[in-house]
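Only one structure is covered here, and it is reproduced in the block below.
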């Protein structure tokens with residue numbers, strides 16, 4: 001993980017861009033970030 005990744009969303013975007021590298025990287029990284037936030041919110045309940 002990059003330094004400075006302080007939110008689930010930013011971590012999801014970093015993983016997508018640095019490791020998964022999908023064809024539609026910008027849109028997919030936004031979607032991964034949103035999904036990471038949703039998962040994090042569920043886990044902290």
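In the UniProt record's numbering, the protein residues as written are 1 to 45.
A virtual CB, placed ideally from N, CA and C, is assigned to each residue, including glycine.
Is residue i helix, strand or coil by DSSP?
i          : result
residue 41 : helix
residue 21 : coil
residue 6  : coil
Among the options, whose alpha-carbon lies nearest the alpha-carbon of residue i?
i          : options           : result
residue 11 : 42, 44, 36 and 41 : 36
residue 9  : 44, 45, 26 and 30 : 30
residue 15 : 33, 38, 39 and 41 : 33
Is the beta carbon of residue j closer than 8 angstroms to that of residue i?
i          : j          : result
residue 17 : residue 25 : yes
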